[in-house]
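Comments concern the structure below.
Below you can see the structure in the form of structure tokens.
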């Protein structure tokens, strides 16, 4: 889901950096105001490493390949820390692995980081919308929805950017086949990340439930 250099026009890349810069300022302001850095920074570093590794591995879903994103999971566990964790992970991937690009770093960060923050807020809604449900049912339901939502929204943004960037000279039938295969390839990934979020949340509930409370 990373967008490499040379795909997007310069104005889009500049806009991506502008939005990413603004989001970084907002995230750091919220982090400073609401969290204990001694507790949260090690957790964020661990999750950033998981994001770096997970989103570097390709999963073949013929006729395309996709990769884990885990941004919904980062939003669940980290809250506002998900933004810098994703931004740093993307920067290291671009520099060390050539995944994504330097010019598109801002766009990639917006594409994955904002859905992560929204997924984290969605997960916290269980305290209000899930009151009538048994606690474990509420946790499972909202963790699945949040985990799937993060990657699902990122995929929608990615598809929109790809459609915008595809050259007009490309044959329409080729474009349609490519996008259809790409969209269908992400459906199993959305389900998989939802299930993975559920499994991790239940594991944390058993071993360290305070990690789920923000």
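In the numbering used here, the protein residues as written are 350 to 563.
For glycine and all other residues, C-beta sits at the position ideal for the given N, C-alpha and C.
Predicted model, so just to flag it, every value in this text is computed and none were measured.
Among 353, 454, 449, 548, which has the Cα closest to the Cα of residue 485? 548
Counted within 10 angstroms of its Cβ, other Cβ atoms place residue 475 as buried (16 or more) or exposed: buried
Rounded C-alpha distance that separates residue 471 from residue 495: 6 Å
What does DSSP give as the partner residue(s) for residue 407 in the beta ladder? 416
Taking just the CA atoms, how far does residue 426 sit from residue 557? 12 Å
Could you compute how far the alpha carbon of residue 418 sits from the alpha carbon of residue 407? 10 Å
The alpha helix (DSSP H) enclosing residue 379, as first and last residue numbers: 359-383
In whole angstroms, give me the CA-to-CA distance for residue 438 and residue 428. 16 Å
Exposed or buried, what is residue 537 when buried is set at 16 or more other beta-carbons lying within 10 Å of its beta-carbon? exposed
Am I right that residue 458 and residue 431 are in contact with their C-beta atoms under 8 Å? What's the rounded C-beta distance? With a Cβ gap of about 11 Å, residue 458 and residue 431 do not count as contacting.
Compute the Euclidean distance between the alpha carbons of residue 373 and residue 403, then round it to the nearest angstrom. 23 Å
Using the Cα positions of residue 534 and residue 415, report the straight-line distance between them to the nearest angstrom. 7 Å
Classification of residue 444 by the beta-carbon crowding that lies within 10 angstroms, buried from 16 upward: exposed
Backbone CA spacing between residue 450 and residue 482 [nearest angstrom]: 44 Å
Note down the Cα distance separating residue 503 from residue 387, rounded to an integer number of angstroms. 30 Å
Report the option in 433, 526, 505 whose CA atom is closest to the CA atom of residue 391. 433
Around the Cβ of residue 347, are there at least 16 other Cβ atoms within 10 angstroms (buried) or fewer (exposed)? With the chain covering only 350 through 563, there is no way to say anything about residue 347.
3-residue-minimum beta strand (DSSP E) runs that sit fully inside the segment 455-511, ordered along the chain: none
Taking residue 399 as the reference, which of 382, 422, 379 has the closest Cα? 422
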